[in-house]
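Numbering-wise, the sequence shown is residues 0 to 52 according to numbering that gives the first Met the number 0.
For every residue, glycine included, the Cβ atom is placed at its ideal position computed from N, Cα and C.
For clarity, every value in this text was computed on a predicted model and none was experimentally measured.
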Amino acid sequence: MILDLGKYAATVLGAYAVTLGLIALLVVASVRRARRARAELERLESARRTPNG
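Structure below.
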């Protein structure tokens, strides 16, 4: 599939690049947040299992 974008090629390809970059950023941010949440949950659960004093 060859795209014939004419004089709008730079604009369209730039928009695609920005969109893909933002999607990648959202995926990375989501994975990092999920890892942090999982670690916090494990920390809270282990503290709950440990007897106090």
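Tell me which residues share the same chain as residue i and place their Cβ nearer than 6 Å to its Cβ, disregarding the 5 neighbours each side in the sequence.
i   : result
A14 : none
Span of the alpha helix (DSSP H) holding residue i?
i   : result
T18 : 8 to 48
How many angstroms separate the CA atom of residue i from the CA atom of residue j?
i   : j   : result
G52 : E41 : Interpretation of G52 is limited by its pLDDT of 49, a score under 50 that renders its predicted location unreliable; the figure taken from the coordinates is listed afterwards. Taking the straight line joining both Cα atoms gives about 20 Å.
A16 : Y7  : 14 Å
A23 : E39 : 24 Å
Excluding the 5 residues flanking residue i on each side, which residues of the same chain have their C-beta closer than 7 Å to its C-beta?
i   : result
V11 : L4
L2  : none
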